[in-house]
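Single-structure report; data block below.
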Amino acid sequence: AQKVTQAQTEISVVEKEDVTLDCVYETRDTTYYLFWYKQPPSGELVFLIRRNSFDEQNEISGRYSWNFQKSTSSFNFTITASQVVDSAVYFCALSEASFNYGQNFVFGPGTRLSVLP
Amino acid sequence: GAVVSQHPSWVICKSGTSVKIECRSLDFQATTMFWYRQFPKQSLMLMATSNEGSKATYEQGVEKDKFLINHASLTLSTLTVTSAHPEDSSFYICSETNYGYTFGSGTRLTVV
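Protein chains in written order, with my numbering: chain R, 10 to 126; chain G, 5 to 116.
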């Protein structure tokens, strides 16, 4: 069965600090997709990244970076030089692959990030 | 990527009434859509899979007679919460499957 664990329930940092959000997943499939979403107080889910199980290259997008390690089943997310606007709940999610991505997501419990000015 | 439009964004209803939530795919045809529910300070949990032209598939523990799903066209899936009660107050959100990662903006339901 699929499972996603985000051990950090809440994190508080001061603006400009770097912060890493942990994500550990479980799946029996060899082909799967991992996602990170941001959920601001307004509620919508903002897509951040999708990574397939065969691509272990780390990715950087501006202040965001992701570290995917299949050996430890982890897909961690780092925000560099955090800003107040980064305050939100962040979800890591897992989706098993199908021909047309027609699979539902299994979400982690989320990590509430508060960036203080 | 795909665009999914969800309405309403929020709704307050009286206990015992029914509420319909719509999820539209704007630039693609959606044969399948997923409906999730999120209680306050909790994660998103899959409720049901909506299939165009056939019955929805419900997750264990989700009452199919209470949460009616209709997917009559390739661009519209609806979730109706029937005889809503305060415990149904939650955030409901749909997602498309064609591209695997686009969600509607969600509907916050408050039953008073």
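Glycine residues also receive a C-beta, built at the ideal position from the N, C-alpha and C atoms.
Given that a residue counts as buried once 16 or more other Cβ atoms are within 10 Å of its Cβ, and exposed if not, what is residue i?
i, result
"G/Ile16", "exposed"
"G/Glu100", "buried"
"G/Gly108", "buried"
"R/Asn67", "exposed"
"G/His89", "exposed"
"G/Val8", "buried"
Enumerate in chain order the residues of its own chain whose CB-to-CB distance from residue i is below 8 Å, with the five nearest sequence positions on each side excluded.
i, result
"G/Thr61", "Ala52, Thr53 and Asn55"
"R/Gln48", "Leu54, Val55, Ala97, Val98, Tyr99, Phe100 and Gly119"
"G/Thr111", "Gln10, His11, Pro12, Ser13, Trp14, Val15, Ile25, Phe95, Tyr96 and Ile97"
"G/Ser19", "Ala88, His89, Pro90, Val115 and Val116"
"R/Ala102", "Val13, Leu43, Phe44, Trp45, Tyr46, Phe114, Val115, Phe116 and Gly117"
Cβ closer than 8 Å: which chain R residues qualify as neighbours of residue i?
i, result
"G/Thr53", "Asn113"
In the DSSP output, which residue or residues are listed as bridge partners for residue i?
i, result
"G/Val7", "G/Val7 pairs with nothing; no bridge assigned."
"G/Lys24", "G/Thr84"
"R/Glu35", "R/Lys12"
"R/Leu30", "R/Phe86"
"R/Lys47", "R/Val55 and R/Tyr99"
Name the chain G residues whose beta carbon is nearer than 9 Å to that of residue i?
i, result
"R/Phe56", "Gly5, Tyr105, Thr106 and Phe107"
"R/Gly119", "Lys45, Gln46, Ser47 and Leu48"
Name the chain G residues that come within less than 7 Å of residue i, Cβ to Cβ?
i, result
"R/Phe116", "Ser47 and Leu48"
"R/Phe63", "None at all; the shortest Cβ gap to chain G is about 15 Å."
Whose Cβ in chain R lies nearer than 7 Å to the Cβ of residue i?
i, result
"G/Cys110", "What sits at residue 110 of chain G in the sequence shown is Gly, not Cys. Within chain R, the residues near G/Gly110 are Gly52 and Glu53."
"G/Phe71", "Residues of chain R passing the Cβ test: none, with the nearest at roughly 16 Å."
At a CB-CB cut-off below 9 Å, which residues of chain R make contact with residue i?
i, result
"G/Ile16", "Within 9 Å Cβ-Cβ: nothing; G/Ile16 doesn't reach chain R, min ~15 Å."
Here's a check: name, in chain order, each residue in its chain whose Cβ is nearer than 6 Å to the Cβ of residue i, leaving out the five neighbours to either side.
i, result
"R/Glu19", "Arg121"
For residue i, go through chain G and note every residue whose CB falls closer than 8 Å to its CB, in chain order.
i, result
"R/Phe100", "Ser47 and Leu48"
"R/Phe44", "Tyr105"
- Query: Which full runs of the beta strand (DSSP E) of 3+ residues lie inside the region 47 to 81 of chain G, going along the chain?
  - Reply: 48 to 55 and 71 to 77
- Item | Continuous beta strand (DSSP E) assignments of at least 3 residues falling wholly in the region 52 to 83 of chain R | 55 to 61, 68 to 70 and 73 to 78
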